[in-house]
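Each residue of the sequence shown is one higher than the last, beginning at 4 in our numbering.
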Amino acid sequence: MKNYAILFLSLFLFSCSSDNDEPIKEVSIDLKFTHNWGGTDVTKSDFNKIEFENSKGVKQSIERLRYLISRITLTDGNKKEINFDGYKLVDLDDSDNLTHALSQKISEGSYNLSFTFGFNAEDNKDGVYKDLNTASWEVPAMLNGGYHFMQLDGKYSDKVGNPQPYNFHAIQAYDQTTKESKDTFFVVELGTVSIKNNATITINMDISQWFKVPNEWDLNTLNVMLMGNFEVQKQISDNGRNVFSLGGVSQ
4 MKNYAILFLS LFLFSCSSDN DEPIKEVSID LKFTHNWGGT DVTKSDFNKI
54 EFENSKGVKQ SIERLRYLIS RITLTDGNKK EINFDGYKLV DLDDSDNLTH
104 ALSQKISEGS YNLSFTFGFN AEDNKDGVYK DLNTASWEVP AMLNGGYHFM
154 QLDGKYSDKV GNPQPYNFHA IQAYDQTTKE SKDTFFVVEL GTVSIKNNAT
204 ITINMDISQW FKVPNEWDLN TLNVMLMGNF EVQKQISDNG RNVFSLGGVS
254 Q
């Protein structure tokens with residue numbers, strides 16, 4: 004009888020142990036980038052139409068939108084970070100380019116998702132990324148070199164209704180007179196995602212916010228030649244902190 008009791012207890016403990024020691028699932032993550040103007044979806048099919056109205060009441064078009072993100076990070080509840088090497092150049096002109104597979108699998112669980120818009124000073128070095136060189140992503144040496152963070156181009160309707168170009172480009176701020184540089188990259192904290200299976204996480208960009216908060220943009224005044232304007236680059240960076248948000252998670 005004693006032997007039966009020991010056998011029963013052993014089987015019971017083994018069963019409990021088996022239930023608690025299930026292997027943690029390893030899953031793959033894709034990021035999906037979507038774009039809107041004040042809540043209205045924007046795709047390549049919307050290019051070259053002067054139909055987007057900014058907060059100043061000026062209508063404008065989008066002819067190109069490319070931007071770079073780097074240092075994608077998932078942080079778990081114990082503050083342990085999973086850092087993903089590399090970067091992603093998102094190009095709205097290419098629908099196949101609007102997803103990005105993270106370079107390693109992660110354990111299922113809850114994470115805070117963040118990334119850097121552009122390159123930080125350590126990564127922003129001349130000529131070291133062959134694909135970015137091929138994409139004509141470099142910043143001229145006279146503006147301290149490195150790489151663009153964003154190219155947003157189009158036309159706007161001026162005060163008499165004529166179309167005029169704008170080039171809303173983001174780079175590291177540099178004063179050509181004083182040789183002072185200012186970091187204008189920023190970290191985007193998107194919030195918490197709960198991951199149970201292979202998942203696609205959507206990241207939204209509201210393009211209208213680039214022209215809205217905290218610096219309401221007047222394209223009749225600030226339209227081209229913005230890269231060499233030290234103060235303007237800081238304003239672009241400030242506005243960009245309101246642009247991104249976390250969308251849905253499909254899994």
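In this text, a Cβ means the ideal position worked out from N, Cα and C, and glycines have one as well.
Listed in chain order, the non-local C-beta contacts of aspartate 241 below 7 Å within the same chain comprise Pro217, Asn218, local neighbours out to five positions each way being set aside. Taking 7 Å as the cut-off, the Cβ atoms of phenylalanine 122 and serine 184 do not count as close.
In this structure, aspartate 79 sits away from tyrosine 132, with a CB-CB distance that is not shorter than 7 Å. Per DSSP, glutamine 175 is not a residue of any alpha helix (DSSP H), being assigned neither H nor E. The stretch 221-237 and the stretch 199-208 do not touch, with fewer than three beta-carbon pairs separated by less than 8 Å.
Inter-segment contact for the stretch 156-166 and the stretch 63-73 is present: three or more beta-carbon pairs are separated by less than 8 Å. Burial state of lysine 182 is exposed, judged by a 10 Å Cβ sphere holding fewer than 16 other Cβ atoms. With a contact defined as Cβ atoms closer than 8 Å, tyrosine 177 and phenylalanine 233 qualify at about 7 Å. Beyond the five residues adjoining it in sequence on each side, aspartate 94 comes within less than 7 Å, by CB distance, of Arg69, Asn100 in the same chain, given in chain order. Under the three-state reduction of DSSP output, phenylalanine 214 falls in the helix class. Within the stretch 157-238, the complete beta strand (DSSP E) segments at least 3 residues long are 166-173, 189-198, 202-209, listed from N- to C-terminus. A residue is called buried once 16 or more other Cβ atoms fall within 10 Å of its Cβ, and isoleucine 27, having fewer, is exposed. Residue state for asparagine 100 is assigned as helix, using DSSP reduced to three classes. Between the C-alpha atoms of alanine 138 and aspartate 161 there is a straight-line separation of about 31 Å. Here isoleucine 85 has Thr76, Leu77, Thr78, Asp79, Gln107, Ile109, Tyr114 as same chain residues with Cβ atoms under 8 Å from its own Cβ, once five neighbours each way along the sequence are excluded.
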